[in-house]
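Using the numbering used here, you'd call the opening residue of the sequence shown number 75 and step up by one each time.
Glycine included, every Cβ here is placed at the ideal spot set by N, Cα and C.
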Amino acid sequence: MSKQQVTVPDIGGAEGAEVIEVLVAVGDSVAVDQGLIVLESDKASMEIPSTVAGTVVEVLVAEGQELAEGAPVAVIDAAAAVEQAATEDSPETESVAPVEPPAKQTAAEAPEPATQPNEAASTAAAAAPRGIETPVPAATPAAAGGVYAGPAVRKLARELGVQLEQVSGSGPRGRVVKEDLQQFVRKALSEGASATAGGGAIPAIPEIDFAKFGAVDVTERSKLDKLTAANMQRSWLNVPHVTQFDDVDITALEEFRKGLKAEGERRGTRLTPMPFILKACAVALRDNPKFNSSLAGQGSQLVYKQYIHIGMAVDTPAGLMVPVIRDVDRKTVWELAAEVLDLAARARDRKLMPAEMQGGCFTISSLGSIGGNGFTPIVNAPEVGILGVSRAAIKPVWNGAEFVPRTLLPLALSYDHRVINGGDGGRFMASLVTLLGDLRQLVM
Ligand code: CAO
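Here you go:
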């Protein structure tokens, strides 16, 4: 047996460095320079490499133990390596007499270490004859520059041109492992792809293996869902959003609407609050033309549209669709009611033509039939405004003398703050409150 003991080399005067990781186990084959343990002092972390090639026959340390220079780390049986070397060629190896377990090596016995531990390691490896007789301790700093990583990871980082200081380590005590490097590179690539002209990059959300935490089911997203996601993200990232809220008293509107139920049946349609909201938005858009505009010329121009086409978000089993109702200002409430029903039905049956989803100036997203008392809709750019409608409810309202039950409709108006100022937003919302609160205003 050619058992050789590897000891802690000169570790830069660190008195008691703690073993924070044992990298090998009995039976492992190790090569020269392969890390055996990782030590951490109050100044740095460093990997203690094997100085011989062979099989680990004894690990003499455990995590948490404090070691100083010269302390034994492991016993390596170098016989296999010697045999292999002997069969390969070198006459040198024939003269090698492997030593039996060396006495505990001390700093005095150890060869003069090079100033730089890295140099020491490479010098030792280069200078040592095959079938090394005396182990040459050498420390590979695992935490050069404050980063803690093994030689293989450092080599890979050099090859990839990655500065390890920028990589966060997921190993024990922040050790950078190969997977951290791979994730860093993947993230850098995806950030590069999404970097904007202004140079800002959006940090990617890490991909998680959710199966680690329990059973999962992965499905492909529909084309529509992916398209919606891309549009939402584009709007969200490009448009500085402001959302303004108000409640409209639609008590009178609801009385009027319910009184028309029979007439609706006679006409073969159904009158929901939506056609009234469409009509009110058309008037508010006419009176507040900035809301009926879009940015152009890289933000240097505003295009004021002379038409009023309003998109209506429709929730369908396939995903979100936004058919556009054209010339809302020129249609009657009954015509709008019929069109709402028709477009919503065809959206759910996926029978809309692409042209029917284009040309919108403004969007209404109504969750009134679903519930909730408020949400912040995302502007459907290049439009500059969107109205979120929540569920109307009867609430007590103080009329100056007493609380009276009134039907209140919660509205949320989001707008592009590059185009719409708070004052514009406030006026638009005030218009809606007036129009929906008193339907007579719609004909003015
Ligand atoms: N408050 C209280 N009740 C309301 C209401 C409101 N704000 N809005 C509608 N309702 C009532 C309707 O009056 C109707 O009841 P009645 O038949 O008794 O009158 C019932 O809710 C169902 O209405 P509806 O949904 O069939 O019709 P609609 O005209 O209100 O809406 C449409 C049509 C297409 C907008 C709607 O069906 C829809 O898909 N909404 C979801 C939009 C969406 O997903 N937005 C989010 C986009 S961003 O992810």
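Collapsed DSSP secondary structure at residue i in the structure displayed
i	result
Lys364	helix
Gln515	helix
Pro349	helix
Thr161	Confidence at Thr161 is low in this model, with a pLDDT of 45, below 50, so the placement of that residue should be treated as unreliable; the coordinate-derived value is given next. Looking at Thr161 - three-state DSSP - the assignment turns out to be helix.
Gln108	coil
Lys405	coil
Leu441	coil
Val458	coil
Gly219	Note that Gly219 scores 48 on pLDDT, short of 50, meaning its location in the model is unreliable and no value can be drawn from it.
Ser505	helix
Asp498	helix
Ser488	strand
Ala336	helix
Gln237	coil
Pro428	helix
Leu413	Strictly speaking, residue 413 in this sequence is Glu, with Leu absent from that position. Residue state, collapsed to three classes: helix.
Arg228	helix
Pro187	Residue placement at Pro187 is poorly supported in this model, since its pLDDT is 32, which falls under 50; the coordinates are not used for a value here.
Gly434	coil
Thr523	Beyond the ends of the chain as shown, which are 75 and 518, falls residue 523; an answer cannot be given.
Gly248	helix
Val259	helix
Gln307	helix
Val149	strand
Glu329	helix
Glu281	coil
Glu140	strand
Val357	helix
Beta-carbon proximity of residue i to residue j, cut-off 8 Å
i	j	result
Pro146	Leu134	yes
Val458	Phe319	no
Thr317	Ala486	yes
Val98	Ala136	no
Leu417	Met386	yes
Leu516	Leu506	no
Thr390	Ala429	no
Gly434	Val398	yes
Gly393	Asp299	yes
Ile494	Ser309	no
Asn447	Pro484	yes
Thr481	Ile351	no
Val575	Gln139	The structure shown has nothing for residue 575, since the chain only spans 75 to 518.
Val519	Asp84	Outside the shown range of the chain (75 to 518) lies residue 519, about which nothing can therefore be said.
Leu410	Pro349	yes
Pro280	Gln307	no
Distance cut-off 7 Å: residue i Cβ against heavy atoms of the ligand CAO
i	result
Arg465	yes
Ala418	yes
Met120	no
Leu441	yes
Arg344	yes
Val133	no
Leu334	no
Asp323	no
Ala387	yes
Pro451	yes
Leu110	no
Val402	no
Leu394	yes
Met503	no
Leu461	no
Met348	yes
Leu483	yes
Val52	The question about residue 52 has no answer, for the chain in this structure spans 75 to 518.
DSSP bridge partner residues for residue i (one or two, in chain order)
i	result
Glu369	It is worth fixing the name first, because residue 369 is Leu in this sequence and not Glu. Answer is Leu376, bridged to Leu369.
Gly128	Val104
His315	Asp490
Leu113	Val93, Met120
Asp321	Pro484
Ile85	Per DSSP, none; premise fails for Ile85.
Pro470	Pro479
Gly393	Thr390
Leu134	DSSP output for Leu134 lists no bridge partner at all.
Ile382	None; Ile382 has no bridge partner.
Val398	Gly385
is_contact[residue i, chain C] using C-beta, thresh 8 Å
i	result
Ser439	Looking at the structure shown, chain C is missing, and only one protein chain is on hand.
Any non-hydrogen atom of the ligand MN within 7 Å of residue i CB
i	result
Val316	Although the ligand MN was asked about, the structure shown includes only the ligand CAO as ligands.
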